[in-house]
Amino acid sequence: MSYQTGGNKGGLSKNKGKGTSPKVEGGSGSQNRGTCIRLVHHTKQSYPANISQGPTSSSGISPNIPENLSFYVRIEPLSPDYGVHGQQIRHSEPGDWLPPNRPNGLRDGQGHVSFLRWAGGRITTVPPNDQIRTTSLDGYVYTAATVFTQFPDIQRLLAVPFNARTRSVYATYGRGWQAIRFNHNRVGDSNTYLSYISHRGAERAIAAPGSPRWMPELLPVSYDCDHRHASRNQGGLIGELPLLFALAAFSIEPNQGFPVNAMGPGRWYNHGQTTGRIAERGMVVTIYTDPRNPHWSTPQLLDRLQNGEFGPFYG
């Protein structure tokens, strides 16, 4: 498979149209991150113009993503550095491998840094000559996470909600490396559930049987739902953006770049490549608001995207 490159600029629109989109009960914004939320459909509600109605997910949910909504993504590959004085291979009590806790225990990993722009559900690689590559985005950080595979000891991913190359895991985050988890978000009064991926979710597995559209490419089958939820309908994946992008990056080998052609508005397209969930592979994923698109790239809009108000991120 060939991976396209290139960027596009999101425009602004002051017009509003009408549409149908899930609403989050119990407030909006960053307070809802990582919590169980219930989505309720309302038929009379105003929305920005240029809503991208993508193909329905496997559950029949149509994404309603604003075409002008945009943000940037930086993915930096990581590996443990056992050459640092005092750095040793770490294991949990069951004997499973754990990433280093100290920033100096991490080094650049295999592969190249990916700098991407997401706009209206479509992802492109930022061109090398784009001025944004040399612009400091420190003041535009929305959120970040560091993620490692725990393969082959156990088929799961470990994460902390910050850049572990700049902050000590235990000094900053006393819980240490945690397996990614999920919240189960019911869509209205239906039997359809969205799985909210988080570093501190309530459930160890997704809310309903995994869709063949994105399992096992995005998630290993070890995260499939248990028998208690086998009768539920799968609505797709939503949640913390760094983790959603890490799933995509881990889906192919490190030297293959980022699978931009596998992502579309509200869904995942199987690429059929060899999985990149290999032993001790890590990455820092940072999400930035778009400085060129201030009205359509705000923390509030990205909160709504994470919470599933525009439909599934991967359906």
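Here the sequence shown is numbered in this note's numbering, starting from 1 and rising by one per residue. Beta carbons are placed, not taken as given, at the ideal position from N, Cα and C, and that holds for glycine.
What distance in whole Å lies between the Cβ atoms of Ile-75 and Val-113, which are believed to be in contact at a cut-off of 8 Å? The residue given as residue 113 occupies position 113 in the sequence shown. The residue given as residue 75 occupies position 75 in the sequence shown. About 7 Å separates the two Cβ atoms, so the contact holds.
Buried or exposed: where does Ser-52 fall if 16 or more other Cβ atoms within 10 Å of its Cβ makes it buried? In the sequence shown, counting from the first residue as 1, residue 52 sits at position 52. Any answer about Ser-52 is weak, because its pLDDT of 41 lies below 50 and its placement is not dependable; what the coordinates show is given next. With 16 or more other Cβ atoms within 10 Å, it is buried.
Buried or exposed, going by whether 16 or more other CB atoms sit within 10 Å of the CB of Ile-180? Here residue 180 is taken as the residue at index 180 of the sequence shown, counted from 1. With 16 or more other CB atoms across the displayed protein chains lying within 10 angstroms of its CB, Ile-180 is buried.
By DSSP, does Thr-298 sit in helix, in strand, or in coil? Residue mapping note: residue 298 aligns to position 298 of the sequence shown, counting from 1. DSSP places Thr-298 in coil when its eight states are reduced to three.
Identify every residue that forms a DSSP beta bridge with Phe-317. The requested residue 317 is not part of the displayed model; the chain covers only 1 to 315.
How should Pro-63 be labelled, buried or exposed, when 16 other C-beta atoms within 10 angstroms of its C-beta is the threshold for buried? Taking the sequence shown and counting its residues from 1, the one referred to as residue 63 is at position 63. Label assigned to Pro-63: buried.
Could you tell me the distance, in whole angstroms, from the CA atom of Pro-299 to the CA atom of Tyr-223? Numbered from its first residue, the sequence shown carries residue 299 at position 299. Numbered from its first residue, the sequence shown carries residue 223 at position 223. Cα to Cα, Pro-299 sits roughly 29 Å from Tyr-223.
Near Asn-104, what residues of its chain come up, given a Cβ to Cβ distance below 6 Å and the 5 sequence neighbours on each side ignored? Indexing the sequence shown from 1 puts residue 104 at position 104. So the qualifying residues of the chain are Val-84.
Under 8 Å, with one C-beta from each stretch per pair, do the segment 262-276 and the segment 164-173 reach the 3-pair mark? no
Rounded straight-line distance, which links the Cα of Tyr-142 to that of Trp-118: Against the sequence shown, residue 118 aligns to sequence position 118. Against the sequence shown, residue 142 aligns to sequence position 142. Rounded to the nearest angstrom, the two C-alpha atoms are 14 Å apart.
Using the rule of at least 16 other Cβ atoms within 10 Å of the residue's Cβ for burial, across every protein chain shown, is Gly-317 buried or exposed? In this structure the chain extends from 1 to 315, so residue 317 is not present and cannot be described.
Between the segment 153-161 and the segment 90-101, do three or more beta carbon pairs fall short of 8 Å? yes
Indicate whether Ile-197 and Glu-253 have their beta-carbon atoms separated by less than 8 Å. Locating residue 197 in the sequence shown gives position 197, counting from the first residue. Locating residue 253 in the sequence shown gives position 253, counting from the first residue. Contact: no.
Under a Cβ-count criterion, where at least 16 other Cβ atoms within 10 Å of its own Cβ denotes burial, should Pro-212 be classed as buried or exposed? Here the question's residue 212 lines up with position 212 in the sequence shown. Exposed: under 16 other Cβ atoms inside 10 Å.
Grab me the residues of Gly-27's own chain with a C-beta within less than 7 Å of its C-beta, minus the 5 sequence neighbours each way, in chain order. Position 27 of the sequence shown holds residue 27. Low per-residue confidence applies at Gly-27: pLDDT is 34, beneath 50, and the placement is therefore not dependable enough to give any value.
Outcome for His-295 when other beta-carbon atoms lying within 10 angstroms are tallied against a minimum of 16: The count along the sequence shown starts at 1 and reaches residue 295 at position 295. Classification for His-295: exposed.
Does the distance from the CB of Thr-192 to the CB of Gly-235 come in under 8 Å? Your numbering for residue 192 matches position 192 in the sequence shown. Your numbering for residue 235 matches position 235 in the sequence shown. Result yes, Cβ atoms of Thr-192 and Gly-235 sit closer than 8 Å.
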